[in-house]
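Visitor: So the sequence shown is numbered by this note's numbering: it starts at 2 and just counts up by one.
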Amino acid sequence: MNEQKAEESETDPELTEAAAVVSETAAALAAGKLPRGRRGLRKAARVFKEAGRDADTILALQTLALLEIRVENHAAALPHARAALRLARQRQAALDLDESLNLVAQVYSLLGDEERTLAAAREWVRNAEARRDPVATAEARRRLALCTWSAGHQIRAVELADEALEAARSSEASALVGQASRLMATFLMQLGCPTTAAEMLADAVRQTQWPDETVRTLLARGWSLLCQGEAGPAARDFRRARRLAKDLPDRRWDVEAMAALAVAEARRAHPAEDEKALAKALALVERAASRSRRLRDARLERTVAALREALADGAAPPAVDRAAAAQELVRLAKESESLTLAMACRREVERLAALPADAPAFCWTTWTVLCPE
2 MNEQKAEESE TDPELTEAAA VVSETAAALA AGKLPRGRRG LRKAARVFKE
52 AGRDADTILA LQTLALLEIR VENHAAALPH ARAALRLARQ RQAALDLDES
102 LNLVAQVYSL LGDEERTLAA AREWVRNAEA RRDPVATAEA RRRLALCTWS
152 AGHQIRAVEL ADEALEAARS SEASALVGQA SRLMATFLMQ LGCPTTAAEM
202 LADAVRQTQW PDETVRTLLA RGWSLLCQGE AGPAARDFRR ARRLAKDLPD
252 RRWDVEAMAA LAVAEARRAH PAEDEKALAK ALALVERAAS RSRRLRDARL
302 ERTVAALREA LADGAAPPAV DRAAAAQELV RLAKESESLT LAMACRREVE
352 RLAALPADAP AFCWTTWTVL CPE
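1) With H, G and I counted as helix, E and B as strand and the rest as coil, what does DSSP make of V72?
2) What number of angstroms, rounded off, separates the C-alpha of E167 from the C-alpha of T341?
3) How about R222 and D238: do their beta carbons lie closer than 8 angstroms?
4) So, for N128: in the same chain, excluding its five sequence neighbours on each side, which residues have a beta-carbon less than 6 angstroms away from its beta-carbon?
5) Roughly how many angstroms lie between the CA atoms of A66 and R143, to the nearest whole one?
6) Measuring straight from C-alpha to C-alpha, what distance separates E15 and L68?
7) Between L35 and the rest of its own chain, which residues show a CB-CB distance below 8 angstroms, the 5 nearest in sequence each way excluded?
8) Could you check which residue in A345, L60, P361 has the C-alpha nearest to that of I156?
9) Curious, which full-length alpha helix (DSSP H) runs of at least 4 residues does the segment 156 to 235 contain?
10) If I measure Cβ to Cβ from P373 and keep anything under 8 angstroms in the same chain, skipping five residues before and after, which residues do I get?
11) Ordered along the chain, which non-local residues of its own chain (more than five positions away) have a Cβ less than 7 angstroms from that of E130?
12) Can you list, in chain order, the residues of its chain whose CB lies under 7 angstroms from that of Y109, leaving out five sequence neighbours each side?
13) Mapping the DSSP letters down to three states, classify G33 as helix, strand or coil.
14) If you measure between the beta carbons of L301 and V264, is that distance less than 8 angstroms?
15) Is the separation between the beta-carbon of L279 and that of R323 shorter than 8 angstroms?
16) Taking the CB atoms as reference points, tell me whether A181 and A198 lie closer together than 8 angstroms.
17) Which term fits S24, buried or exposed, when burial requires 16 or more other beta carbons within 10 angstroms of its beta carbon?
18) Determine the burial state of E349: buried for a count of at least 16 other Cβ atoms within 10 Å of its Cβ, exposed for fewer.
19) Runs of 4 residues minimum, wholly inside the segment 110 to 140: which ones carry the alpha helix (DSSP H) assignment?
20) At which residues does the alpha helix (DSSP H) containing S337 begin and terminate?
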């Protein structure tokens, strides 16, 4: 039967055209581009469905959903993601089902539907564990942690990130360990624990194998260093991220690294002493803003706009009360069952206590501009 369908795809021009549309759109999205052609994708999904090519239909529907997510039309993405999930459940093909559950969880999260987001993520975890697939289990647990964070349950999300990291280590897949470590570090950073986050990210940089993952990890480590006032090391991470990003097909990472570098350079400069350096940083973030608009990515535009606004205000350290920050860290440590979070909070309280009287608690509130993933 499969051989017959393969022969049909080679001779049927409509099927060939449909496959080309889906392939080209998926490749463009993966490269950070904004392709056109929703109509072509809808036609491809219909052609595949009529031909009984379920796997291709699922891929076409998933690509449609991803295209709608790219333009932040999340309500339009939902029916495509749900249709792909229904068909994947019928086929019971593990990979199709995993990817469909992941996509549905992502769309529900973007729509703010906490109950359905967590239900889809938990179903993925159950399925992966039931078939004893360590790699899928690690990926599913990581998605569950991220969905839980997006739903506003930050302490629980850290606890789940601990489980995801343990699952990644059990899978013996170094790439998954790096991703899970980066997620945990990003959570810690946004909860006010940049010291431990920077250490975890240093390990993750060494474990990461792929250039795009290295760029993301370097960006996260740079922010954690900048948060502690280490503007020089942060700038080095951002420069290295830019060098790697220039070789990636997805130009958005270069723009994000460019804007981050502008912030680090501005924090290194003292306006009264080094006006040229500050002016150079402002020019750099303006370039990043211009490029972000050309790439037509709303999340990237918001990130760069927030950084540009901060630089326009002089890139001064945020006014965070040290005693209040320490009290919040103590509260987090007491309420969480995560040993990682408890130890990170303790480290951060010790860092705050050792700071000079006139030093800011944090030199950059990373969590105002950085997404968990």
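Glycine residues also receive a C-beta, built at the ideal position from the N, C-alpha and C atoms.
Guide: Working from what's here:
1) Position 71 of the sequence shown, counting from 1, holds the residue named residue 72. Coil, per DSSP.
2) Position 166 of the sequence shown holds residue 167. Position 340 of the sequence shown holds residue 341. Going by the C-alpha atoms only, they are around 12 angstroms apart.
3) Translated into the one-based positions of the sequence shown, residue 222 becomes position 221. Translated into the one-based positions of the sequence shown, residue 238 becomes position 237. Result yes, Cβ atoms of R222 and D238 sit closer than 8 angstroms.
4) Here residue 128 is taken as the residue at index 127 of the sequence shown, counted from 1. Cβ-Cβ distances below 6 angstroms link N128 to nothing in the same chain once the five nearest sequence neighbours on each side are left out.
5) On the sequence shown, position 65 is the one that residue 66 refers to. On the sequence shown, position 142 is the one that residue 143 refers to. Straight across, the Cα-Cα distance linking A66 with R143 is about 21 angstroms.
6) The sequence position of residue 15 within the sequence shown is 14, counting from 1. The sequence position of residue 68 within the sequence shown is 67, counting from 1. Across the structure, E15 and L68 are spaced so that their CA atoms are roughly 22 angstroms apart.
7) Numbered from 1 along the sequence shown, position 34 holds the residue referred to as residue 35. Around L35: A29, R71, V72, L296, R297, D298.
8) Within the sequence shown, numbered from 1, the residue matching residue 156 stands at position 155. That would be A345, whose Cα lies nearest to the Cα of I156.
9) Taking only runs of at least 4 residues, the alpha helix (DSSP H) segments lying wholly in the segment 156 to 235 are 175 to 191, 195 to 208, 212 to 228.
10) In the sequence shown, residue 373 corresponds to position 372, counting from 1. Any reading at P373 needs caution, since the residue's pLDDT is 46, under 50, leaving its predicted position unreliable; the model's value is listed next. Hits under 8 angstroms: L147, W150, S151, L184, T187, F188, Q191.
11) The residue labelled residue 130 in the question sits at position 129 within the sequence shown. These residues qualify, in order along the chain: T138.
12) Stepping through the sequence shown from its first residue, residue 109 is reached at position 108. These residues qualify, in order along the chain: R117, T118, A121.
13) Here residue 33 refers to the residue found at position 32 of the sequence shown. Coil at G33, not helix or strand.
14) Residue 301 sits at position 300 when you count from the first residue of the sequence shown. Residue 264 sits at position 263 when you count from the first residue of the sequence shown. No, Cβ-Cβ distance for L301 and V264 is not below 8 angstroms.
15) Taking the first residue of the sequence shown as position 1, residue 279 is located at position 278. Taking the first residue of the sequence shown as position 1, residue 323 is located at position 322. Pairing L279 with R323 gives a Cβ-Cβ distance that is not under 8 angstroms.
16) Taking the first residue of the sequence shown as 1, we reach residue 181 at position 180. Taking the first residue of the sequence shown as 1, we reach residue 198 at position 197. Going by C-beta atoms, A181 is not nearer than 8 angstroms to A198.
17) For this step, residue 24 is matched to residue 23 along the sequence shown. Exposed: under 16 other Cβ atoms inside 10 Å.
18) Here residue 349 refers to the residue found at position 348 when the sequence shown is read from its first residue. Under this definition E349 is a buried residue.
19) Look at the segment 110 to 140 and you find these whole runs of alpha helix (DSSP H), each 4 residues long or longer: 115 to 131.
20) Here residue 337 refers to the residue found at position 336 when the sequence shown is read from its first residue. Neither: S337 is in no alpha helix (DSSP H) and is coded neither H nor E.
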